[in-house]
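Here is the structure we will look at, set down as structure tokens.
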Amino acid sequence: MKTRLALVACIILAVAPPKQQTVQERLGFPADARLLIIHADDLGMSHAVNRATFEALENHWITSSSILVPCPWFPEVAAWARTHQDADLGVHLAVNSEWTTFRWGPVSGREAVPSLLDKDGYLALEEQEVVAHAKPEDVEHELRAQVAFAKRAGVHLTHLDSHMATLFHSQALFDVYEKVGKAYGLPLLMERRGVRGGAQSPWGTHDESALVDRIVSIDPGVPADAWEAAYEKMLAPLPAGVYQLIVHLGYDGDEMLGATADHPNWGSAWRQHDFDLVKSAKFQTFLRDQHLTPMTWARLGAASRSGS
């Protein structure tokens, strides 16, 4: 009888699939670790954004950032990136130009991607305008042009993500996003548990590709004096997993006030609040006390390769 039971146990062990390792475990951390990418969007948008983001990266107040390649201050980013090859930088793939007084067009040229243009010849203001009018082949052409332009400029890329999350607004756009990521061998920002490619996504789950469990960011309507408390409330309850905290950094001043004049959300004051937050000693102490381990996309990319 004992022999028979032992044989059954051996058979069960032989056919049972091995337990899938978490991303944390693939990176050498325990399964209950909480890994956090602190990621600044919109690098290249303006000098004020660049100044704040460079400072935050150099001081390790943030761990990663992504670049708006079509924007006029991209050359400053490229020059900085060439002297900071270890910086964790991605392309903030853009098919929108959302500020009403500060606009940009496609890197690939207006004649090359006519379906991406609004009536004024810029990339569309709103996400739904892209969904309604953009042809997938034009989207792919422009996204490839942005990645190629950054690489030619000497930027070492670690990942890709989607400006305004526009590429998560339709199946066709999402398919292009995945295709471009595979073409360049770069990990994509997707979340296992949220709407951007995860359990709540209308386009189905992509658990094998998603390296981040959830994306977290502050919501509009938070008063300045509650900024830090709002971030702590967001981050403290997070269970074991990998998270990306998205911040928007900048110096509040004439340049940013002009660019974001009619957008208090993600506008000039917003970016100063976020900048003040990430560099505050109190917030850095909070992160340490919470045992939130800093993470980069360069390291997550290693997890992607080890899991393939």
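In the working numbering, the protein residues as written are 1 to 308. Note that beta-carbon positions come from the ideal geometry of N, C-alpha and C, so glycine has one too. As the structure is a prediction and not an experimental result, all values here were calculated from the model.
With respect to L277, Y231 sits close: the two C-beta atoms are nearer than 9 Å. Around the C-beta of G109, fewer than 16 other C-beta atoms lie within 10 Å, and the residue is accordingly described as exposed. Listed in chain order, the beta strand (DSSP E) runs fully inside the region 57 to 94 are 64 to 67, 89 to 93, counting runs of at least 3 residues.
Boundaries of the beta strand (DSSP E) around Y243: 241 to 247. Cβ-Cβ distances below 6 Å link I38 to I62, T63, L245 in the same chain, with the five nearest sequence neighbours on each side left out; the list follows chain order. Under the three-state reduction of DSSP output, N50 falls in the helix class. Contact annotation: A81 and V139 have beta-carbon atoms that are not nearer than 9 Å. Looking only at L143, L125, H248, D118, the smallest Cα-Cα distance to S46 is reached by H248. The C-alpha of K135 is placed about 17 Å away from the C-alpha of S97. With 16 or more other Cβ atoms inside 10 Å of its own Cβ, A40 counts as buried. The alpha-carbon of E255 is positioned some 38 Å away from that of G241.
Distance between G221 and V176, taken at the CA atoms: about 33 Å. For the pair V77 and A94, the CB atoms are not nearer than the 9 Å cut-off.
In the structure shown, R193 adopts coil according to DSSP, grouped into three states.
With at least 16 other beta carbons inside 10 angstroms of its own, T158 counts as buried.
With respect to H60, P294 sits close: the two C-beta atoms are nearer than 9 Å. DSSP places R214 within a strand segment (E or B) once states are collapsed to three. The Cβ-Cβ distance between A226 and A269 does not fall below 9 Å. Remark: C-beta atoms of S162 and L189 approach each other more closely than 9 Å. By the neighbour-count definition (other C-beta atoms within 10 Å, threshold 16), H273 is a buried residue.
The beta-bridge partner set that DSSP reports for P114 is empty.
Secondary structure of R103 (DSSP, three-state): coil.
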